[in-house]
Amino acid sequence: MTKMKLLAGIALAAVTAMPVAAQDYPSQPVQLTAPYGPGGASDLAARNLANVAPDYLGQPVLVTNRAGAGGATGSAYVKNSDPDGYNLLLARIGSHSISPALKSSMPYEWDDFTYLSLLEINPAACATATSKPYQSLEDLRAAIEASPGAVTYSSAGVGTLHHLGGIMLLDEMGFEDPGTAATHIPFQSGGAAAAAAATGQVDFVCSNISAIISQIEGGQLRPLVVTTPERVDSLPDVPTASELGHPALEALVGWSGLVGPPGLSDETIATWVEVLQEVAADERWVNQTKSLGSVPMMLSPEETVAFVENQYTTFRGLVEELGLQID
């Protein structure tokens, strides 16, 4: 699907919609797929939306986790669903920006969906268990240099933010072959990847702050760096990537968005545009989003397409530069 066709398909989303209650859609519960396992950033964002949106939609929003293939399993399920508005997807940076840029064989392209809105952005951090000896990023680098391949890092699967984040960190540390300097251990979800790092099963994880904030606050994880241009309010003692001389890591900023299969009707799009405007003003959703370490950022369908395309282009460039293409 070309960008022009995609934009044409959503061009009417910004028109003034009829009141939600006056429309035929929705007449039944909406299924919302989280393409990763329970406890990760995708799951948390989906359930946060599902907790608030029904008040404005007039129907329940039911979250189902369809994990696998770095988010591709659940994403492909929604992409191939009927465009009736009853199967939507909580899209993530891994499923819709990184994996399409990283993998040569995917069951979809980034633009094979109807984009309804960006929901939030997720600053990232690289962290290690407090039981590990690494007190700084330099400590971690020294350990990797001393024993190539012995240090491990977790991810929610090949092609996720965690995976590419780990490789980018190793590249920024100056290792000639980031793919072998440390060993990548994939898990089924961001929650499982965070738990593996927190318990010391692996040495470090690069993850959305939202997915590891509970372990940080609970004293299980020690963040070594954040990827934001400025220090994060909730982690004021953690240095930024730029402070440590690694500004390229600022590209590691996750996001969540609401998308549907291609061909959603103008009525469905307009309904969700209106609903999400209400959600964006609801303190319950805003406060919960912030408490998870994310930044609320609702965008129009057109703005969301432009945002995701820019993300894809950025990561595609990194993949080509580092030779990371995966078949």
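Residues 6 to 332 (the working numbering) make up the sequence shown, in order.
Just so it is clear, CB atoms sit at the ideal spot from N, CA and C, and this is done for glycine as well.
Query raised in the report: Roughly how many whole angstroms lie between the Cα atoms of residue 27 and residue 33?
Result: Residue mapping note: residue 27 aligns to position 22 of the sequence shown, counting from 1. Residue mapping note: residue 33 aligns to position 28 of the sequence shown, counting from 1. Because residue 27 carries a pLDDT of 38, less than 50, the predicted location of this residue cannot be relied on, and the following value inherits that uncertainty. Cα-Cα distance, rounded: 14 Å.
Query raised in the report: In or out: residue 299 buried (at least 16 other Cβ within 10 Å) or exposed?
Result: One-based indexing of the sequence shown puts residue 299 at position 294. It is buried - the Cβ of residue 299 has at least 16 other Cβ atoms within 10 Å.
Query raised in the report: Do you know offhand how far residue 207's Cα is from residue 120's?
Result: Within the sequence shown, residue 207 is the residue found at index 202, counting from 1. Within the sequence shown, residue 120 is the residue found at index 115, counting from 1. Answer to the nearest angstrom: the Cα atoms are 36 Å apart.
**Report entry** Rounded Cβ spacing between residue 107 and residue 66 (contact assumed at less than 8 Å)
**Finding:** Numbered from 1 along the sequence shown, position 102 holds the residue referred to as residue 107. Numbered from 1 along the sequence shown, position 61 holds the residue referred to as residue 66. That belief does not hold up - the Cβ atoms of residue 107 and residue 66 are roughly 30 Å apart, past 8 Å.
Query raised in the report: For the 8 Å Cβ check, are there 3 or more pairs between the segment 266–286 and the segment 95–109?
Result: no
Requested in this report: Using only alpha-carbon positions, find the residue among 272, 197 and 181 that is nearest to residue 326.
Outcome: Position 321 of the sequence shown, counted from the first residue, corresponds to residue 326. Looking at the Cα atoms, 181 is the closest of the given residues.
Query raised in the report: Apart from the five residues just before and just after residue 52, which ones in its own chain have a Cβ nearer than 7 Å to its Cβ?
Result: Here residue 52 is taken as the residue at index 47 of the sequence shown, counted from 1. Correct list, in chain order: 68.
Query raised in the report: When the Cα atoms are used, what is the spatial distance from residue 200 to residue 29?
Result: Taking the sequence shown and counting its residues from 1, the one referred to as residue 200 is at position 195. Taking the sequence shown and counting its residues from 1, the one referred to as residue 29 is at position 24. About 44 Å.
Query raised in the report: Do the segment 171–189 and the segment 214–224 meet, that is, are 3 or more Cβ pairs less than 8 Å apart?
Result: no
Query - Three-state secondary structure (DSSP) of residue 15 - result: Here the question's residue 15 lines up with position 10 in the sequence shown. Since pLDDT at residue 15 reaches only 43, below the 50 mark, its modelled position is unreliable, and the value read off the structure follows with that caveat. In this structure, residue 15 counts as helix in the three-state DSSP scheme.
Query raised in the report: What did DSSP end up calling residue 72 once you bin it into helix, strand or coil?
Result: Counted from its first residue, the sequence shown places residue 72 at position 67. The answer is coil: DSSP assigns residue 72 none of H, G, I, E or B.
Report task. Could you tell me how far apart the beta carbons of residue 45 and residue 239 are, in whole angstroms, since I believe they sit closer than 8 Å? Result -> Numbered from 1 along the sequence shown, position 40 holds the residue referred to as residue 45. Numbered from 1 along the sequence shown, position 234 holds the residue referred to as residue 239. That belief does not hold up - the Cβ atoms of residue 45 and residue 239 are roughly 19 Å apart, past 8 Å.
**Report entry** Burial state of residue 76, where buried means 16 or more other Cβ atoms lie within 10 Å
**Finding:** As a position in the sequence shown, residue 76 is number 71, starting the count at 1. That one is buried.
Report task. Kindly indicate which three-state DSSP category residue 185 falls into: helix, strand or coil? Result -> The residue given as residue 185 occupies position 180 in the sequence shown. It is helical.
Query raised in the report: Cβ of residue 159 within 8 Å of Cβ of residue 190?
Result: As a working note, residue 159 is residue 154 in the sequence shown. As a working note, residue 190 is residue 185 in the sequence shown. Yes, they are a contact pair.
Query raised in the report: What residue range is occupied by the uninterrupted alpha helix (DSSP H) comprising residue 225?
Result: Position 220 of the sequence shown, counting from 1, holds the residue named residue 225. Segment: none, residue 225 is in no alpha helix (DSSP H) and carries neither H nor E.
**Report entry** Nearest candidate by alpha-carbon position, reference residue 310, set 102, 162, 251 and 168
**Finding:** Numbered from its first residue, the sequence shown carries residue 310 at position 305. If we check each option's Cα against that of residue 310, 102 comes out closest.
Query - Three-pair Cβ contact test at 8 Å for the segment 122–135 versus the segment 253–263 - result: yes
Report task. Could you tell me the distance, in whole angstroms, from the CA atom of residue 105 to the CA atom of residue 117? Result -> As a first step, residue 105 must be located in the sequence shown, where it is residue number 100. As a first step, residue 117 must be located in the sequence shown, where it is residue number 112. Each residue's alpha carbon lies about 11 Å from the other.
Query - Sequence-distant residues of the same chain with beta carbon closer than 7 Å to residue 86, five excluded per side - result: Sequence index remark: in the sequence shown, residue 86 carries index 81 (1-based). Closer than 7 Å at Cβ, skipping near neighbours: 92 and 266.
Query - N- and C-terminal bounds of the beta strand (DSSP E) containing residue 255 - result: The count along the sequence shown starts at 1 and reaches residue 255 at position 250. Counting along the chain, residue 255 falls outside any beta strand (DSSP E), and DSSP gives it neither H nor E.
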